[in-house]
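Remarks on the structure that follows.
Protein chains: 2
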Amino acid sequence: MTVLFSRKCEYALQGILYLAEKQYMGNISAEQIATDLNISRDFISKTLQSLVKDGIIQSHRGKSGGFSLARDPDSMSLLDIILIIDGNSVFESCVLGLPTCSTESPCPVHNKWGPIREASRKMLENTTVAQFQPITGSAY
Amino acid sequence: MTVLFSRKCEYALQGILYLAEKQYMGNISAEQIATDLNISRDFISKTLQSLVKDGIIQSHRGKSGGFSLARDPDSMSLLDIILIIDGNSVFESCVLGLPTCSTESPCPVHNKWGPIREASRKMLENTTVAQFQPITGSAY
DNA sequence: TTTAATTCGGACTATATACTCCGATTATGA
DNA sequence: TCATAATCGGAGTATATAGTCCGAATTAAA
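Sequences listed follow chains R and Z, in order.
Under this note's numbering, residues 1 to 140 are what the first sequence spells out, in order.
Under this note's numbering, residues 1001 to 1140 are what the second sequence spells out, in order.
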């Protein structure tokens, strides 16, 4: 079960953090990434492909091809990635799932939840991909 | 798509908040609840049935039967309900889904996330079902 | 120019969650 | 005692997400 973000989003974050770490090595194959992150090659491959479409990472086919970051990791926040993949429903939708809940007509929990929601959004917005290098030896 | 809790959990919270509001009316039928909350009768029924097993609410069969709270709404926190239905994975698991991430060997995001996780847990723990009455006229 | 390594893309399967259906059971009250 | 109104419980369907498979296209280097 996913905690907060979709599995696809989790894998994307893992993949990007990994690519940022290995940035100096140029293209890295899906095979290599899958092995290091202990994820199925086909699945991380699919996930990374969609990130290519989103312009977050680059890919190169053929021999010695692979994936690499498309943007400066300094200008890439975790929030950027989350918004692209999962959208902003995590930060907007009602916690109780009430369809009619909104800022104007808040459900019982809405106002209590607001500050926490804002804090997490800000944290993710202010945390860039670059901040995490090097991460080798950590939970990977 | 669910935001934070499972759909079952969302419906359970809605149902319990609703029952707390209508507490003085005694048994309320699944039919009635479904209509007021705009949820399928069969589904809210199933959800409430499992809450009966968990001892959170009571049920009575037969004519003029229905559901009612089993405990004092003052002593029922939102966290109680969430833990029973979704477990505590929301508060424990790694945000990035890394299986090896833990307090001892935290992933890059782990420590940044900690305070927010704690704040939300505390909020849910300190918010009782009783605090929300009456909620008629709000987002229901 | 050929071979090997790689992404790409489409179609497929698996699984968990969400949701429905309906008959059996139970209780009330006329 | 009978009709009615309700939960109970089990089995089924629907849908979204997760994950796999494999062949085609592409590229680098031998």
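Glycine residues also receive a C-beta, built at the ideal position from the N, C-alpha and C atoms.
Just so it is clear, the structure is predicted and the values come from calculations on it, not from any experiment.
Interface with chain R (9 Å Cβ-Cβ cutoff): M1076 of chain Z is excluded. Going by C-alpha positions, G1062 of chain Z is about 22 Å away from A1012 of chain Z.
F1091 of chain Z sits in a helix when the DSSP states are folded into three classes. In the structure shown, F5 of chain R adopts coil according to DSSP, grouped into three states. Contact annotation, S59 of chain R with F67 of chain R: C-beta distance approximately 5 Å; criterion of less than 8 Å satisfied. Under DSSP, Q58 of chain R shares a beta bridge with R:S68. Using beta-carbon distances, F1043 of chain Z does not count as an interface residue toward chain R, since no partner is under 9 Å.
Here the alpha carbons of I81 of chain R and R41 of chain R stand approximately 21 Å from one another. The CB of L1096 of chain Z comes closer than 7 Å to the CB of E10, L13 and Q14 in chain R, given here in chain order. Looking at the DSSP output, T100 of chain R shares a beta bridge with no other residue. For S1120 of chain Z, the residues of chain R that pass the 7 Å Cβ criterion are I116, in the order they occur in the chain.
One alpha carbon belongs to I56 of chain R, the other to S93 of chain R, and they sit about 26 Å apart.
Comparing C-alpha distances from M1025 of chain Z to each of Z:C1009, Z:G1065, Z:D1054 and Z:L1051 shows the shortest one belongs to Z:G1065.
DSSP lists R:T128 as the beta-bridge partner residues of S77 of chain R.
With a threshold of 16 other beta carbon atoms within 10 Å, S120 of chain R meets it and is buried.
Close to K46 of chain R, with beta-carbon spacing below 7 Å, lies no residue of chain Z; the smallest spacing is near 16 Å.
P73 of chain R and V129 of chain R do touch by the CB rule: their CB atoms are close to 4 Å apart, below 8 Å. According to DSSP, residue pairing for I1028 of chain Z in a beta bridge involves Z:F1067.
Cα atoms of G1015 of chain Z and V1095 of chain Z: separation of roughly 29 Å, rounded to the nearest angstrom. Contact with chain R is found for R1007 of chain Z, since one of that chain's Cβ atoms lies less than 9 Å from the residue's Cβ.
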